[in-house]
Each structure stands twice: as structure tokens, then as C-alpha cells.
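A.B. asks: Let me give you the structure first, and then I'll get to my questions.
2 protein chains.
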Amino acid sequence: MYGVILAGGSGTRFWPLSREEYPKQLLKIFGNRTLIQATLSRISELIPTEKIYVVTTPPQLEQIRFQLSLETHSKLNYISEPERRDTAAAIGFAAMKLQKQDPEASMVVLSSDHFIKDEPEFLKSLCIAEKIAQEGYLVTLGAKPIRPETAYGYIKAGPSLPLAHGASKVEQFIEKPDRAKAVRYLEDENTLWNTGIFVWKVRTILDEIDRFLPELSEGLKEIGKTIGTEKEEKILQTTYAQLPSISIDYGVLEKSEHLAVISTDMGWEDVGSWNALDEVIPRDNSGNIMTGNVVNVGSTDSIIYAGKRVVGVVGLENIVVADTDDATLVCNKESAQDVKKLVEVLKKHNGDAHRIHRTVIRAWGSYTILEEGTGYKVKKLVVNPKSKLSLQMHENRSEHWVVVEGIATVTCGTSVYTIPANQSTFVPMGVKHRIENATNDFLRLIEVQSGSYLGEDDITRFEDDYGRVLSKKTE
Amino acid sequence: MYGVILAGGSGTRFWPLSREEYPKQLLKIFGNRTLIQATLSRISELIPTEKIYVVTTPPQLEQIRFQLSLETHSKLNYISEPERRDTAAAIGFAAMKLQKQDPEASMVVLSSDHFIKDEPEFLKSLCIAEKIAQEGYLVTLGAKPIRPETAYGYIKAGPSLPLAHGASKVEQFIEKPDRAKAVRYLEDENTLWNTGIFVWKVRTILDEIDRFLPELSEGLKEIGKTIGTEKEEKILQTTYAQLPSISIDYGVLEKSEHLAVISTDMGWEDVGSWNALDEVIPRDNSGNIMTGNVVNVGSTDSIIYAGKRVVGVVGLENIVVADTDDATLVCNKESAQDVKKLVEVLKKHNGDAHRIHRTVIRAWGSYTILEEGTGYKVKKLVVNPKSKLSLQMHENRSEHWVVVEGIATVTCGTSVYTIPANQSTFVPMGVKHRIENATNDFLRLIEVQSGSYLGEDDITRFEDDYGRVLSKKTE
Numbered sequence: 003m004y005g006v007i008l009a010g011g012s013g014t015r016f017w018p019l020s021r022e023e024y025p026k027q028l029l030k031i032f033g034n035r036t037l038i039q040a041t042l043s044r045i046s047e048l049i050p051t052e053k054i055y056v057v058t059t060p061p062q063l064e065q066i067r068f069q070l071s072l073e074t075h076s077k078l079n080y081i082s083e084p085e086r087r088d089t090a091a092a093i094g095f096a097a098m099k100l101q102k103q104d105p106e107a108s109m110v111v112l113s114s115d116h117f118i119k120d121e122p123e124f125l126k127s128l129c130i131a132e133k134i135a136q137e138g139y140l141v142t143l144g145a146k147p148i149r150p151e152t153a154y155g156y157i158k159a160g161p162s163l164p165l166a167h168g169a170s171k172v173e174q175f176i177e178k179p180d181r182a183k184a185v186r187y188l189e190d191e192n193t194l195w196n197t198g199i200f201v202w203k204v205r206t207i208l209d210e211i212d213r214f215l216p217e218l219s220e221g222l223k224e225i226g227k228t229i230g231t232e233k234e235e236k237i238l239q240t241t242y243a244q245l246p247s248i249s250i251d252y253g254v255l256e257k258s259e260h261l262a263v264i265s266t267d268m269g270w271e272d273v274g275s276w277n278a279l280d281e282v283i284p285r286d287n288s289g290n291i292m293t294g295n296v297v298n299v300g301s302t303d304s305i306i307y308a309g310k311r312v313v314g315v316v317g318l319e320n321i322v323v324a325d326t327d328d329a330t331l332v333c334n335k336e337s338a339q340d341v342k343k344l345v346e347v348l349k350k351h352n353g354d355a356h357r358i359h360r361t362v363i364r365a366w367g368s369y370t371i372l373e374e375g376t377g378y379k380v381k382k383l384v385v386n387p388k389s390k391l392s393l394q395m396h397e398n399r400s401e402h403w404v405v406v407e408g409i410a411t412v413t414c415g416t417s418v419y420t421i422p423a424n425q426s427t428f429v430p431m432g433v434k435h436r437i438e439n440a441t442n443d444f445l446r447l448i449e450v451q452s453g454s455y456l457g458e459d460d461i462t463r464f465e466d467d468y469g470r471v472l473s474k475k476t477e
Numbered sequence: 003m004y005g006v007i008l009a010g011g012s013g014t015r016f017w018p019l020s021r022e023e024y025p026k027q028l029l030k031i032f033g034n035r036t037l038i039q040a041t042l043s044r045i046s047e048l049i050p051t052e053k054i055y056v057v058t059t060p061p062q063l064e065q066i067r068f069q070l071s072l073e074t075h076s077k078l079n080y081i082s083e084p085e086r087r088d089t090a091a092a093i094g095f096a097a098m099k100l101q102k103q104d105p106e107a108s109m110v111v112l113s114s115d116h117f118i119k120d121e122p123e124f125l126k127s128l129c130i131a132e133k134i135a136q137e138g139y140l141v142t143l144g145a146k147p148i149r150p151e152t153a154y155g156y157i158k159a160g161p162s163l164p165l166a167h168g169a170s171k172v173e174q175f176i177e178k179p180d181r182a183k184a185v186r187y188l189e190d191e192n193t194l195w196n197t198g199i200f201v202w203k204v205r206t207i208l209d210e211i212d213r214f215l216p217e218l219s220e221g222l223k224e225i226g227k228t229i230g231t232e233k234e235e236k237i238l239q240t241t242y243a244q245l246p247s248i249s250i251d252y253g254v255l256e257k258s259e260h261l262a263v264i265s266t267d268m269g270w271e272d273v274g275s276w277n278a279l280d281e282v283i284p285r286d287n288s289g290n291i292m293t294g295n296v297v298n299v300g301s302t303d304s305i306i307y308a309g310k311r312v313v314g315v316v317g318l319e320n321i322v323v324a325d326t327d328d329a330t331l332v333c334n335k336e337s338a339q340d341v342k343k344l345v346e347v348l349k350k351h352n353g354d355a356h357r358i359h360r361t362v363i364r365a366w367g368s369y370t371i372l373e374e375g376t377g378y379k380v381k382k383l384v385v386n387p388k389s390k391l392s393l394q395m396h397e398n399r400s401e402h403w404v405v406v407e408g409i410a411t412v413t414c415g416t417s418v419y420t421i422p423a424n425q426s427t428f429v430p431m432g433v434k435h436r437i438e439n440a441t442n443d444f445l446r447l448i449e450v451q452s453g454s455y456l457g458e459d460d461i462t463r464f465e466d467d468y469g470r471v472l473s474k475k476t477e
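Going down the list, the protein sequences come from chains A and B. Residues in the first sequence are numbered consecutively from 3, following my numbering. Residues in the second sequence are numbered consecutively from 3, following my numbering.
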């Protein structure tokens, strides 16, 4: 069995902790691991890392790769979609890749940002699911509801399958219900939460895609022909964007006749909005969940996420406050679904607060914009041990660097020299330059940019460890 | 008539916009002027600037002086209390100073942070008050209540004084009432809000202080003897801290028999807490007051104060959000009085967020701490035209300066040189240095400090335009 982790997400529902380029799976919402780290860790118990594929898009790839590199030293596989085309395309593309390697493969499809409390139960359910999948079923894990949740889809289980305990045919997929229906479903032991965790043979899902989504199937086949050839990248770029954008649920599962569901009790939660944290994190005596630099006077039943900045809360009830370096959310718990709408409004504005954090993680480390003014910008750069930025040049700005920790190896024009902490150097406009950290410790430096245009896109790359020589978009 | 503006305030009730060293009167809560600027502007219509005295303490003096210098070019008088000893001492001290100059003086006492809508009505009332004060009365302006306010004290007016229309003897001072009483007072035309605006002859108030607060009177007389002599400063420092700390209301007005009140309709408000803004600022169609970088989805009846940072609010009702560079408040309107308690908690913590803003205003300009880390600190300095910092030295840190706007005149050791924008310089540890802006434009520079100890108190001053050579506390 192969593992396929769908690492998508638009970073809207947990804004401002999540951003378009830093979605929920990259957050440590609970515990010491980010959600995607926890997802990998969980499935690694069953599937060796080298048989796990992470599907994502280029803006998120760098940070996912970084986080997962902290989780495992083994080789992990990445599938990069040129752009997001919903789950049917992502799953179909992954299935196509797996089929090339192993036509008899089966695959488990996981979201990267779910919460599962009971891992042994989860793994046990997957084993049952795999057994059923071998018989040609598309298998979904269903979770027994523990409250009348209106934010989840449901599955109505039909007759039991004799193949395995807890497995049934699917009678019906049910959309997110209203409150009254959700209360009824809670009492019906045959109605389960649809977890979006799927197990099937690669052959089965590709056949069903062919049957119900012929246009998608066509596109995938075209891409499939070039997999492993030199044409792959080019065909992928042109064809992928044309694939129909539809979810696997709507596109295939609601139509297929080969559906099974495993009833589980694994403590699954989708954690789809700020108020959903109440379901997965223990509250204090006042019903609050609070983290970071919070000072509370008399608030109850509230969720307060702070970082280093001081967040003072007074007399709140059922309020969510989420604070980051550059943006703050204050939201009524009942309106948590509307955070999406807020992010839509932000997108229409000029700013970047919907897309990136004040600190932006890069393959070589990170940068933080400390200050911007007319004609200047101040950044903190952190360069990871044994890492270097690209050899680059700016047409419209010069840069002053003051090293505050570690030792920088600087290329400036034809010179190469080192600067220790408490020394500085200057890179004139139009001169090729590079910062490298050749040591085993972190390098921290303050960069003061000066010039008439200070956009991140004023960069020409000559050499880069991360294949970004063609790109003009990132430092 | 002389004007005495009491510029006190502990900066707690409008935290985080107000701070201990940046209290409410320094804020532009409404309109284009700060509250103290508006106070000066208002009273200047009646009293020439050179007859106006501003009473305050050293931590606030610099910023008050700066703000008022933008309001008037004429000479304004400052009385600096060595420390705060409540209103009886502040008023007594000011009266003592005035008496030395002009024994027949009368004075109007104003708070620096009140709101008055109808200025002509205010000035008219002061003229009436002055007339009555000449007869030996302690006169208070009373405002006709327009709602059952429980946050204000009240005055019960007694028999009319034949001296002027709208003037009465005072029957009783009434403490902040409960809601039921406040409703009753609203219906009684003889019960007025106590505005804390007083008019009296200097001689009258000093006589009454002598009668009811003999200990305070003794201390004031001792200070009075030295006024204008070289001993003044020293006696003030030792004696002032020993003065009894009591309000003029409790200490004198509630006991005196020579009290009068003028009934006015001047649209006075104390604006004593965040929720009081609803009384003085028009709300939008959803009942909100919003300013700065706010994105709102469906909030109503809320007060949102943002700056440059993004503040997103979703579905709030009757909530106050106040955001600054380093701290955010989220408060239920009904709990607005408890913001004080929050600041008390903050004081007990290590941080500075109760005391100062991220940007600290100085006589020479301002500084902003952009970043702090182990062994380094990054600041932005803005130096006003024709201003300079002190000639100083640091024992434990060196400093890198990158000029990003304007021209710096730098003293470093025995050298003096200028640096234009996009150039930098280095000041080694233990070397005397100074930054000066000799131009007519603003100077902006980025300072990167590097060293084992980076506290503001590592400073030895050799020369200073602002008399701070002895002080170790401020840059």
C-alpha cells in the first residue's frame, strides 16, 4: 500500500495564523508537531516513508519539504501540481504516477491537516480498508459522530460486507446537514462522519475516473504517457491547468456503485475553523484556550492565540482572538466560518496579509521585514547552517548587511570574504552578490535596503541551490 | 485670569493607545488635535498663552511640550511636579506660584483630557464663573446631564445666586451613583454633572487649603518661600514628595462653605473609558466606530482602533478592539472599566507595555525598537530638523548606523563627519559619539546595536541640549 497525502489548503479558515502560502497543515495548532508532521508520523507506522507521496503546489512545497525533513531522514516523494485543480485531479495524478511504478498498487489518501486522537484505531481501520479495497471497492473511513456537527458531510452505511468486521456498503453520501438533521444522525448508528480518508486500488480509482469524469481521465492519460520522459514537465504545465476542477466526492464517489465504508471510533476531527479547536484542545477552568503572551481579566469560553506581542483580553465571552506579527483577528465563535469572507476582502486590498506572514520561510532560512519606508526597507535574515542564498543582483537597490550572529561568507563582485558578528558590509546597486553560511551554526544578519524600488521581484539570479535561477519571484 | 491645565493621567484606561508615559491627553482620540492640544486651543480664546500654566510630571513633560509647541508659538508656562500627589497638591502648588506673581489673580483649573462640544458656551460659563469667583466663591462648572451616567460625580445645586444667571450655591457633592439614582438625577434639573472645571481666586483656594488641609498648606508655604530662589529646586524635590496625596474635591470642595456652581449646557464629557467614545464620536450605520486598517465582516456596535497593522473583525457585538504596534486590547464594552485591572497585571510582568509605546518620543525626535535578539537590537531613529542627541558613550555595546533619509552629522571619537542616505558608519564600544541633524529636513537612520548588554541605561552623557547629562535613564 502507498500513502498519498494531499497537502492543499488555501490558508483562509485559520487566518491570520494560516496564510495562502502557509496553510493550516503547517501550523502547530496543538502539540509539538505541525498537522502535516503529525499526519506523516501517523501513517509512517503503517507505510514506509519511501512509499509515501505528498501532493502539493510550488508556493507551499518549500515549507512542507522543510517541515517534513525534520520528521524523517528517509526519502519522501513529492508530487508538485502546477496549480490546484481540486481533489479528483490531485488523486488521479497521484494514482497515475503510482500505476506507472506498480500497476497492482493500492493507495490510502489522507488530508494533511486532520486531527486523529486514537492512532492505533486509525491504523487498524486502514488495514481493514485495504483488505476491502483489494476486492475492488472504493473505501472511505467513516467516524462515529459524537455530537450533532453541521460542518461535516455524512455517509449512510448500508448492508454489512461479510469481508471484514465494521465494513459496509455505502447507501448514500449526505451533504452538510442542518442542526435538526445532525441531531437525528447522531442517534442513527448507521450514519457516520465522512472523514475524507480513502483507500482503494490505483486501478479501481482510475477506472472510476474514466467512467465518471472522462475529460479528467483524458488529461491524466496524456500526462501519464510522458511520465518519466523529458516531455513530462512541459506537458504537465500545459495540460494540468486544463483539467476539470472537481472534488473526488462529487465527481466519483457520489456516483460509483463500488463503495464501502469502515465504521471507526478513532477520534477524527477536521478542525475546519477557529471554533473547532474547542473539540480538540482541553479548555481551562474558565472554558478558555489561551496560548502565548495573553493577559486575561474575566474572559470565558474564548480562544486566544497570541505570540510575542501582548494581547490583553477583558470580559470576553465566546470570542476568538488570533494575533500574529502583522495581523490580528477578532471573531465571534459563532461567526468563525466567516473568516473566509474576511480573507476574501483582504485579497482585494493591496496588502500581502492574506498570502504571507511577516516572516517568510525559504529553503535557505527565513526573512522578516522589520520596517519599510520611502526609499528603504529593513530585513532580518536567518541563514540555516551550510546554506546559501542565490548568487544575485538588484538593479534598483543597494544593500547594507550587519552580521549580528554567526559568520557570513560574502560574495560581492569578484571578492569573497567572511564577516563575523558586529561587522558590516555594503553591496552597491548592480553588483553580483551572495550570502553564504558555511558554518554549522545559524547566521543572523540585518539587511538595510536602500533604493527607489524595493520589490522582491527586483532580482536576477545567476546560481541557486534551489533551482530558482529562472524564477524572478523569490529571493 | 490665569489658566491652569492639569496634565496628569496614569495612561491606564485607554491602554494600549495610552501608556503610563503617554496618557490619554496625548492621544488624538477624535479630530485632528490631541486632547491636550484641544484643551489649550479652547482656553486660548479667553486667556493669552503666556498666562496659561501646564502642570505635569517629568516623564510626560517632554511630549506635552512637543505637542503644545505645534499648537502655539507663544510662551507657555510649565510647572513640573517632582511626582504626582493628586489634585489638591497640584492646584495648591500652581496657586502658590501664581500668587507670587499676582496676589489678586484668579485661576481656571482644567483637565487636559476632557471633551467639550460647545466651546462658546464653555467660554461664556467661564466668564460668569470668574465674576462669581471675585466674590470669594470656589466655583465649579456643572453640566446638565443628558443620560443616566454612573461614571460621573454629581453636584446638587442649591439656591440661586443673584450675582449671575445660571449660578447657584452648592447644596451637596454626590459620589458616582448607581443606575437607579442616576435615572432620578436625570429628571432633577438641580442635579448636575461635576465637570472638575474650577474657577477661583488664588487667595480663596489657598485660604481654604489652609483651613481644611493644614499639612498640605504647611508644605506649600515652605515651597513658596523658595520660589524664584536657587533653593527652589532642592526644597521642591524633598518637600513635594511629603505632601498629602488627596483630591481637591475630597480635601476642600466637599468641606468648604463658599461653593458655587454654574449650570452649563456645553456638551462636556470626561471620556473616561473606551466605551465612553460612543458618547462623543458618531457611529456608522452598523453602530460601529472604526479607524485605521480594519476589515469588518458583520460586526455591530463595536469600537475598533487600528493603526497600520491589519485588524480583521468578524461578527462582533459590543466589543472594543484597540491595536498598537506592540500590544492589542480586546474588551467587552461592559467591562471597559476593567482595562485598569489589566494594566495592573501588566505592571507586575517584566515588560514595558504598560509604560511606553514601541515608538518612544524624545525631545530630539523618536526611536522605535524594530527587533531584539540575543546580543543585538535594531532601532529606527528619527531626528527632528536642527536637533541632536546627547554626546554619549556606551560601555557594553557598539553601534552601526545606516542613514536611510536625510544627512547625519556624526561625532565619533575626535572625528566629525556627515553621512548622506545609503551610507553607514560604525561606533565602537566605549567611544564618545553623537548624531546631529543640522538640516531642515528629517533624518532617518537604522541603528544596529551589538553587545552583551543592550539596556537603555548603558549610557554616559557628556553634553545634552535637553539637560539630561545627569540622567542615566533616557537616550
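Think of the CB as a built atom: it goes at the ideal place given N, C-alpha and C, for glycine as much as any other residue.
(1) Using the Cα positions of A:K342 and A:V254, report the straight-line distance between them to the nearest angstrom.
(2) Are B:G492 and B:A153 close, meaning C-beta to C-beta below 8 Å?
(3) Beta-carbon within less than 6 Å of B:T193's beta-carbon, same chain only, minus the 5 sequence neighbours each way: which residues are those?
(4) So with Cβ pairs under 8 Å, would you call B:Y378 a contact of chain A?
(5) Ignoring anything shorter than 3 residues, give me the beta strand (DSSP E) runs that lie fully in the stretch 158-213 of chain B, in order along the chain.
(6) Roughly how many angstroms separate the alpha carbons of B:L112 and B:Y55, rounded to a whole number?
(7) In chain order, what residues of the same chain lie with their CB nearer than 6 Å to the CB of B:N298, ignoring the 5 residues before and after it?
(8) Report the three-state DSSP secondary structure of A:K474 (helix, strand or coil).
(9) Take A:M395 and list the residues in its own chain whose beta-carbon comes closer than 6 Å to its own, dropping the five residues that flank it on each side.
(10) Would the stretch 112-126 of chain A and the stretch 192-207 of chain A be scored as touching if the rule is three or more Cβ pairs under 8 Å?
(11) For the alpha helix (DSSP H) that contains A:G221, what are its first and last residues?
(12) Compute the Euclidean distance between the alpha carbons of A:E151 and A:R181, then round it to the nearest angstrom.
(13) Using DSSP bridges, identify the partner residues of B:M109.
(14) To the nearest angstrom, how far is it from the Cα of B:I291 to the Cα of B:W270?
(15) In whole angstroms, what separates the C-alpha of A:I448 from that of A:N277?
(16) Run through DSSP, which three-state label would A:S400 get?
(17) Under 8 Å between C-beta atoms, does B:A153 make it to chain A?
(18) Is DSSP giving B:G560 helix, strand or coil here?
(19) Using the beta-carbon of each residue, which ones in chain B are nearer than 8 Å to A:F428?
(20) State the start and end residues of the unbroken beta strand (DSSP E) segment that holds A:F428.
(21) Using C-beta distances below 7 Å, list every residue in its chain close to B:K257, excluding the 5 sequence neighbours before and after it, in chain order.
(22) Decide if A:F39 is buried, meaning its Cβ has at least 16 other Cβ atoms within 10 Å, or exposed.
(23) Ends of the beta strand (DSSP E) at A:Q394?
(24) With C-beta atoms as the reference, is A:Q27 less than 8 Å away from A:L19?
(25) When the cut-off is 8 Å and only beta carbons count, does A:T330 lie next to chain B?
(26) Any idea what DSSP makes of B:Q136, helix, strand or coil?
(27) Any residues in the stretch 378-402 of chain A with a beta carbon nearer than 7 Å to a beta carbon of chain B? Which ones, in chain order?
(28) Among the candidates A:L125, A:V185, A:F117, A:D104, whose CA atom is the shortest distance from the CA of A:R205?
(29) Over what stretch of residues does the beta strand (DSSP E) that includes A:L245 continue unbroken?
(30) Would you list the one or two residues that DSSP bridges to A:N295?
(31) How about B:S337: is its C-beta nearer than 8 Å to some C-beta of chain A?
(32) Kindly say whether A:S20, judged by its beta-carbon, lies nearer than 8 Å to any beta-carbon of chain B.
(33) For B:E217 and B:L245, what's the separation of their Cα atoms in angstroms?
(34) With burial defined as no fewer than 16 other Cβ atoms inside 10 Å of the residue's Cβ, what is the status of B:D443: buried or exposed?
(35) For B:V263, I'd like the list of residues in its chain whose CB is within less than 6 Å of its CB, leaving aside the five on either flank, ordered along the chain.
(36) Taking B:A329 as part of the beta strand (DSSP E), name the residues at either end of that continuous run.
C.D. replies: Working from what's here:
(1) One alpha carbon belongs to A:K342, the other to A:V254, and they sit about 27 Å apart.
(2) Limits of chain B in this structure are 3 at one end and 477 at the other, which puts residue 492 of chain B out of reach.
(3) Answer for B:T193: Y156, K158, Y187, listed in chain order.
(4) Yes - at least one Cβ of chain A is within 8 Å of the one on B:Y378.
(5) 169-176, 193-203, all fully within the stretch 158-213 of chain B.
(6) The straight-line gap from Cα to Cα measures roughly 10 Å.
(7) Hits under 6 Å: V315.
(8) The predicted model places A:K474 with a pLDDT of 44, which falls under 50 and marks its position as unreliable; any figure quoted below should be read in that light. When secondary structure is reduced to three states using DSSP, A:K474 falls in the coil class, being assigned neither helix nor strand.
(9) Taken in chain order, the residues that qualify are K434, T462.
(10) Cβ pair count under 8 Å is three or more, so yes.
(11) Boundaries of the alpha helix (DSSP H) around A:G221: 216-228.
(12) If you draw a straight line from the Cα of A:E151 to the Cα of A:R181, it is about 7 Å long.
(13) B:Y4, B:W202.
(14) Approximately 20 Å, taken between the alpha carbons.
(15) Between A:I448 and A:N277, the C-alpha separation is close to 38 Å.
(16) If DSSP states are grouped into helix, strand and coil, A:S400 belongs with the strands.
(17) Closer than 8 Å: no.
(18) Nothing can be reported for residue 560 of chain B: it is not among the residues displayed for chain B, which extend from 3 to 477.
(19) What A:F428 touches in chain B: S426.
(20) Residue range 426-429 is occupied by the beta strand (DSSP E) that includes A:F428.
(21) Once the five neighbours on either side are set aside, the close Cβ partners of B:K257 are F214.
(22) Going by the sequence as given, residue 39 of chain A is Gln instead of Phe. Flag for A:Q39 reads buried.
(23) 393-395 is the extent of the beta strand (DSSP E) around A:Q394.
(24) Taking 8 Å as the cut-off, the beta carbon of A:Q27 is found no closer than this to the beta carbon of A:L19.
(25) Interface residue, yes.
(26) Of the three classes helix, strand and coil, the one that applies to B:Q136 here is coil, per DSSP.
(27) Result list: Y378, V380, K382, S400, H402.
(28) Each of A:L125, A:V185, A:F117, A:D104 was checked against the Cα of A:R205, and the nearest Cα belongs to A:D104.
(29) Under the DSSP assignment, A:L245 falls outside any beta strand (DSSP E); it carries neither an H nor an E label.
(30) In the DSSP output, where bridge partners are listed per residue, A:N295 has none listed.
(31) Yes, its Cβ sits closer than 8 Å to a Cβ of chain A.
(32) No, A:S20 lies away from the interface with chain B (no Cβ there is under 8 Å from its Cβ).
(33) So the alpha carbons of these two residues sit roughly 7 Å apart.
(34) By the 10 Å Cβ count, B:D443 comes out exposed.
(35) Shown here for B:V263: same chain residues with a beta carbon closer than 6 Å to its own, the five before and five after excluded, namely T142, G144, I157, A159, S170, V172 in chain order.
(36) B:A329 -> beta strand (DSSP E) spans 329-334.
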